[in-house]
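Novice: So for the sequence shown, UniProt numbering puts the first residue at 1; every next one is plus one.
Beta carbons: idealized from backbone N, C-alpha and C, even for Gly.
Have a look at this one.
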Amino acid sequence: MLITPGKLLATIDTPEDLRKLSKDRLLQVCDELRQFIIDNVSVYGGHFGASLGVVELSVALHYVFNTPDDQLVWDVGHQAYGHKILTGRRDSFHTNRFYKGLSGFPKRKESEYDSFGVGHSSTSISAALGMAVASQLQNLPNRHHIAVIGDGAMTAGLAFEGMNHAGATNSNLLIVLNDNCMSIDPNVGALREYLTDITTSHTYNKVKDEVWNLLGKMSMFGKSAQEIVSKIETGLKATLLHQSNLFESLNLRYFGPIDGHDIDHLTSVLEDLKDIPGPKLLHCLTVKGKGYGPAEKDQTKWHAPGLFDKVTGEITKKVYEAPQPPKYQDVFGYTLVELVERNPRVVGVTPAMPSGSSMNILMKAYPERAFDVGIAEQHAVTFSAGMATQGEVVFCNIYSTFMQRAYDQVVHDVCIQELPVIFCLDRAGFAGADGPTHHGAYDIAYMRCIPNMIVSAPMNEQELRNLMFTAQSEEIQSGNNAFTIRYPRGEGVMPNWRTPLESIPVGKGRMIQDGEDVAILTIGHIGNYAVQASAQLRKEGLHPAHFDMRFVKPLDEELLHAVFQRFDKVLTVEDGCLMGGFGSAVLEFMAEHGYLARVKRLGIPDAIVEHGEQIELHRECGFDPDGIARAVRELIFTGRRQAVIA
Ligand SMILES: Cc1ncc(C[n+]2csc(CCOP(=O)(O)OP(=O)(O)O)c2C)c(N)n1
Numbered sequence: 001m002l003i004t005p006g007k008l009l010a011t012i013d014t015p016e017d018l019r020k021l022s023k024d025r026l027l028q029v030c031d032e033l034r035q036f037i038i039d040n041v042s043v044y045g046g047h048f049g050a051s052l053g054v055v056e057l058s059v060a061l062h063y064v065f066n067t068p069d070d071q072l073v074w075d076v077g078h079q080a081y082g083h084k085i086l087t088g089r090r091d092s093f094h095t096n097r098f099y100k101g102l103s104g105f106p107k108r109k110e111s112e113y114d115s116f117g118v119g120h121s122s123t124s125i126s127a128a129l130g131m132a133v134a135s136q137l138q139n140l141p142n143r144h145h146i147a148v149i150g151d152g153a154m155t156a157g158l159a160f161e162g163m164n165h166a167g168a169t170n171s172n173l174l175i176v177l178n179d180n181c182m183s184i185d186p187n188v189g190a191l192r193e194y195l196t197d198i199t200t201s202h203t204y205n206k207v208k209d210e211v212w213n214l215l216g217k218m219s220m221f222g223k224s225a226q227e228i229v230s231k232i233e234t235g236l237k238a239t240l241l242h243q244s245n246l247f248e249s250l251n252l253r254y255f256g257p258i259d260g261h262d263i264d265h266l267t268s269v270l271e272d273l274k275d276i277p278g279p280k281l282l283h284c285l286t287v288k289g290k291g292y293g294p295a296e297k298d299q300t301k302w303h304a305p306g307l308f309d310k311v312t313g314e315i316t317k318k319v320y321e322a323p324q325p326p327k328y329q330d331v332f333g334y335t336l337v338e339l340v341e342r343n344p345r346v347v348g349v350t351p352a353m354p355s356g357s358s359m360n361i362l363m364k365a366y367p368e369r370a371f372d373v374g375i376a377e378q379h380a381v382t383f384s385a386g387m388a389t390q391g392e393v394v395f396c397n398i399y400s401t402f403m404q405r406a407y408d409q410v411v412h413d414v415c416i417q418e419l420p421v422i423f424c425l426d427r428a429g430f431a432g433a434d435g436p437t438h439h440g441a442y443d444i445a446y447m448r449c450i451p452n453m454i455v456s457a458p459m460n461e462q463e464l465r466n467l468m469f470t471a472q473s474e475e476i477q478s479g480n481n482a483f484t485i486r487y488p489r490g491e492g493v494m495p496n497w498r499t500p501l502e503s504i505p506v507g508k509g510r511m512i513q514d515g516e517d518v519a520i521l522t523i524g525h526i527g528n529y530a531v532q533a534s535a536q537l538r539k540e541g542l543h544p545a546h547f548d549m550r551f552v553k554p555l556d557e558e559l560l561h562a563v564f565q566r567f568d569k570v571l572t573v574e575d576g577c578l579m580g581g582f583g584s585a586v587l588e589f590m591a592e593h594g595y596l597a598r599v600k601r602l603g604i605p606d607a608i609v610e611h612g613e614q615i616e617l618h619r620e621c622g623f624d625p626d627g628i629a630r631a632v633r634e635l636i637f638t639g640r641r642q643a644v645i646a
């Protein structure tokens, strides 16, 4: 089903077309753009509320600035649908997030208007500042550089690192703070309070508008007049807010707050700001989900709602006759509550992903035992380490891809200090439609090389529960190892998943199926594909053995000795990068012990794998059930042919 754009939107193929319109037509552009996003996302899915909230900003920025020469950098990029539609991708927008289709995030390869690729948060200020400084070096004084960053993304250290640097430059940088009080869940922390304080200070806002008008008038009288007004303005801000302005203290000129949905005012403010040199910040107030009632009301649910009926606002739910397996994240969430109930030392930590990780289940049941620390993965890890020094049993849940940010903290603040923090890495393996910025491809490789680290992956819900139970046990908590449990996005395989909690011996795998000719060694949920492949192969008269290793570190050496003594053909399968991953660990074991065998490794190659459904990506990389079966056949038959030739 192709979505028809409104009449005016249909004429906008590039921002050049937008800039030809008179200002009074922008309201209609906004209406049609908003409708086009609603029409598309309701049928094809994707992120929703964030893009609706920046419709006016997207139109105003492309209207006022000379993109793509002026550099527009979106933070996170989940809100950039309007930007994509205005920049030549309207007619392909229905492919958004589909395999081989448009990326759900800005992507440099996709368009010259996507000045910076993104997906992880809080990079925009640093990236735009880098561009601004490069423009200075290249003597391009008239080029503008704009970072659009949400109040959620602003909570990250990286954003502050960027501002700290920007304030010490005279770069032509405009930071647009898109403040909607929301991260995915309600935003948290002291900065949130601060922004609310500025926003609700009536006296300040009234005087500010007057100063703004004065500033506009004075700008025509040259630099010194502007400087005088600017000083008055700063003084007023400080007095009226009863404190110095945070951004001004960092040497960024602060403007706002203004209504980010008033397209008229927005364009004139941006036009004024174009003439004000140096690093500056415009504080815009917006509503996440703006213009679509249900999304305004329940902003967390409508961050990425899936398909929905745009008329009734009903989110499409698949109906099944039989009970279905739960999502791994929910098994994590409910099991954590059970563990808190058994062990009063257990706590949960999440960096801004309460609903994404299902930590919200614990937050609801035992709010005092759960901590949302904002988009601050580094802090989440070191904060967990601090609690662990005091004997708290910490489950720090971070998506595999976002844990990349906190690597030094894992090494320096946890493993070197021998602290038994438990890391639950959600979305490990291919993330699916979110694409390469979100794939959890590297965690096995980056975790297994750190001393004092156990690395495990459950093949099903029961194993996830048991690994969590094991990790918080006295035996592990009194030791000096951190404990990683990685599991994928999506559902497991056990409709009846509330199994009794039992300890798993650390470093012990299990046999799923005995067999001959080939041994398949799998780690984690992907082992279920091997079960399907084996069933297919049995129908063909082939009988591979299959072992679920459960631990990448320590490896089950006893099991591996037994495997290499019996099998000279071994297949390893992992939903993770091949370089340095689980298969590599098996090869290292072989080298160490002098085994000779033909080993084939399946996993994520040394390449950026784009977006698509998880199964499409598994297929592309050859480790879907068919790919595994094919690899087993190849191992068996190539070996036989070679034997005949010999
Ligand atoms: C480093 C990192 N951690 C977590 C996320 C997950 N995430 C995506 S959007 C989002 C909320 C962003 O909030 P904000 O910047 O205020 O933008 P809004 O959605 O409110 O427009 C989060 C936490 C991410 N993309 N990157």
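State the start and end residues of the unbroken alpha helix (DSSP H) segment that holds K274.
Specialist: I263 to K274
Novice: If you compare alpha carbons, which of H593, R510, A519 and G386 is closest to R601?
Specialist: A519
Novice: Can you have a look at D70 and say buried or exposed, based on whether 16 or more other CB atoms are within 10 angstroms of its CB?
Specialist: buried
Novice: State the CB to CB distance for the pair D434 and M403, rounded to an integer number of angstroms; the pair is presumed to be in contact (CB under 8 angstroms).
Specialist: So it is not a contact: roughly 15 angstroms between Cβ atoms.
Novice: Compute the beta-carbon to beta-carbon distance between L177 and H144, rounded to the nearest angstrom, for a pair I have assumed lies under 8 angstroms.
Specialist: Going by Cβ atoms, the distance from L177 to H144 rounds to 17 angstroms, so no, they are not a contact pair.
Novice: Pull the bridge partners of L252 from the DSSP assignment, please.
Specialist: L252 pairs with nothing; no bridge assigned.
Novice: Between the C-alpha atoms of D17 and A10, what's the straight-line distance to the nearest angstrom?
Specialist: 10 angstroms
Novice: Using 8 angstroms as the Cβ pair cut-off and three pairs as the minimum, do the region 463-473 and the region 604-621 touch?
Specialist: no
Novice: Hey, out of M387, L336, S384 and G391, whose CA is closest to Y366's CA?
Specialist: L336
Novice: Just to confirm, are P106 and F98 a CB contact at a threshold of 8 angstroms?
Specialist: no
Novice: Is the beta carbon of P544 sitting closer than 8 angstroms to the one on L555?
Specialist: no
Novice: Do L102 and R89 have their C-beta atoms within less than 8 angstroms of each other?
Specialist: yes
Novice: By the three-class DSSP mapping on this structure, what secondary structure does R486 have?
Specialist: strand
Novice: Across which residues does DSSP place N397 in a beta bridge pair?
Specialist: C424
Novice: Given that a residue counts as buried once 16 or more other Cβ atoms are within 10 Å of its Cβ, and exposed if not, what is A482?
Specialist: buried
Novice: From the DSSP output, in three-state form, read off P186 for me.
Specialist: strand
Novice: Among residues of its own chain, excluding the 5 on either side of A441, which ones have a beta-carbon nearer than 7 angstroms to its beta-carbon?
Specialist: G576, C577 and I604
Novice: With DSSP as the reference, identify every bridge partner of T522, one or two as the case may be.
Specialist: D548 and V573
Novice: Could you pull out every unbroken alpha helix (DSSP H) segment of at least 4 residues lying fully inside the region 264-344, listed in chain order?
Specialist: Runs found: 293-297 and 328-342.
Novice: N466 and I504 look like a contact to me (Cβ under 8 angstroms); what is the Cβ gap, rounded to whole Å?
Specialist: Right, the Cβ-Cβ distance comes to about 5 angstroms (below 8 angstroms), so this counts as a contact.
Novice: Spatial neighbours of M353 within its chain, please: C-beta separation below 6 angstroms, excluding the five flanking residues on both sides.
Specialist: none
Novice: Contact defined as beta carbons within less than 8 angstroms: I believe V76 pairs with V118. What is the distance between those atoms, to the nearest angstrom?
Specialist: 6 angstroms
Novice: For I416, is the classification buried or exposed, using 16 other Cβ atoms within 10 angstroms of its Cβ as the cut-off for buried?
Specialist: exposed
Novice: Report the rounded CA-to-CA distance for L52 versus R345, giving the unit in angstroms.
Specialist: 42 angstroms
Novice: Going by DSSP in three states, L348 sits in which element: helix, strand or coil?
Specialist: Leu is not the amino acid found at residue 348; the sequence shown has Gly there. In the three-state reduction of the DSSP assignment, G348 falls in the strand class, which pools E and B.
Novice: Should H611 be listed as close to ligand 1, given that the test is whether its C-beta is under 7 angstroms from any heavy atom?
Specialist: no
Novice: Less than 7 angstroms between the CB of K107 and some heavy atom of ligand 1, yes or no?
Specialist: Checking the Cβ of K107 against ligand 1 gives no.
Novice: At the level of alpha carbons, what is the spacing between I628 and H618?
Specialist: Going by the C-alpha atoms only, they are around 10 angstroms apart.
Novice: Can you check the region 147-198 for any beta strand (DSSP E) of at least 3 residues that lies completely inside it and give the ranges in chain order?
Specialist: 173-179
Novice: Whose C-beta lies closer than 6 angstroms to the C-beta of G492 among residues of the same chain, with five residues either side of it excluded?
Specialist: P325, Y328, N460 and E461
Novice: Use the C-beta contact count for L635: other C-beta atoms within 10 angstroms, 16 or more gives buried, fewer gives exposed.
Specialist: In this structure L635 is buried. Its beta-carbon is surrounded by 16 or more other beta-carbon atoms within 10 angstroms.
Novice: If we ignore side chains and look at the alpha-carbon of each, how far apart do R192 and C181 end up?
Specialist: 7 angstroms
Novice: When you compare only the Cα positions, how much space is there between E557 and A530?
Specialist: 21 angstroms
Novice: Quick one: which unbroken beta strand (DSSP E) runs of 3-plus residues sit fully inside the region 445-506? Chain order, please.
Specialist: 453-456 and 482-486
Novice: Is the region 270-278 touching the region 290-297, taking contact as three or more C-beta pairs under 8 angstroms?
Specialist: The way I'd put it, the region 270-278 doesn't touch the region 290-297; fewer than three beta-carbon pairs between them come closer than 8 angstroms.
Novice: Rounded to whole angstroms, what's the CA-CA distance from F247 to S355? Just pull it up for me.
Specialist: Straight-line Cα distance between these residues: approximately 30 angstroms.
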